[in-house]
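Take the position in the sequence shown, starting the count at 1, then add 1376; the result is the number in the working numbering.
Where a beta carbon is used, it is the ideal one built from N, C-alpha and C, also for glycine.
This one's a predicted model, so the numbers in the text were calculated from it and none came from an experiment.
Here's the structure, in structure tokens; my notes come after.
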Amino acid sequence: MPLAIDLAIIGGTGLYKLAAMESVETLEGDTVFGTPSAPVRVGLIAGRRVAFMARHGEGHSVPPHQVNYRANLRRLVDLGVKRVLAINAVGGITPACGPRVIAVPDQIIDYTWGRISTICEEPGTPVLHVDFGEPYTPSLRAAVLRAAVDAGVQVLDGGCYGATQGPRLETRAEIARMRRDGCDLVGMTGMPEAGLAREMELDYACLALVANWAAGCGVEALGAPAPEITLDEVLANVEAATADLPRLLEALLSQ
Ligand code: HPA
């Protein structure tokens, strides 16, 4: 019997495979909730079995509002996964969350709409009201923070992730409202993924890679709002932030 999978990583924009993974095998398969965004790649990091899935598909063809979050997570559950580290590209709202910062958020506000956000959709399935006061699993968050210290990777402990519908970026007024609401970060894929993970009883934490200042933000750092957001900027900053990822994952899996 193969070793159990120790950790699954769901990669977001700019992260479509894990360079640090060795002996990779590809597992294709569907679920009761349909087809996941991509096959699962399973390989070794620090001698532990790790699964990787590209949230938007390996060619980034699935927009945030059309990701089948239920199928993605269910596929991992079907493979025996118990804990998931979600990697999400985000915009930074508050001054500590500038481009290239890696944050481990501890709260979420959900602004998405029209996404299937429960595994209890189908008639006859019992309704779940899971506790979601702590949307990220505290023990997995703590393990990630410990790994960052061990690996010498600077991460920001905490922050509120505001999940928007996309796929367009936000207006300055929308971001100003989110800042008043208490959001530090903005991204399009944090929900319903985190809620579904809780329903599926997965340990779940997020590593948010800040790709740009959100609309109208960065005044404290730059003296003026950051200029228009470009895809090149987003990808360059995500690439820079992911440079530390292999060390952090090795430390996490060596615990
Ligand atoms: N807004 C929403 N999602 C994002 C952003 C943003 O500014 N940057 C990267 N993902």
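Item	Value
Could you give the first and the last residue of the continuous alpha helix (DSSP H) run that contains L1516?	P1514 to A1527
Identify, in the order they occur along the chain, each residue of the same chain with its Cβ nearer than 6 Å to the Cβ of G1467, setting aside the five sequence neighbours on each side.	V1562, N1588 and A1590
For S1630, does the three-state DSSP call read helix, strand or coil?	helix
With G1571 as the anchor, note down where its beta strand (DSSP E) starts and where it stops.	Not the beta strand (DSSP E): G1571 falls in the alpha helix (DSSP H), residues E1569 to E1575.
In three-state terms, what does DSSP make of T1411?	coil
With respect to 8 Å, is the separation between the Cβ of A1587 and the closest non-hydrogen atom of the ligand HPA below this value?	yes
Does the structure place the stretch 1521–1535 close enough to the stretch 1418–1429 that three or more beta carbon pairs sit under 8 Å?	no
Which residue's Cα is closest to the Cα of G1509: L1625, V1610, T1618 and C1536?	C1536
Since L1420 sits in a beta bridge, which residues does DSSP pair it with?	E1398 and R1425
Per DSSP, what kind of secondary structure is I1323 in: helix, strand or coil?	With the chain represented from 1377 up to 1631, any question about residue 1323 goes unanswered, as that position is not in the structure.
Along the beta strand (DSSP E) that carries N1588, what are the first and last residues, could you check?	D1579 to W1589
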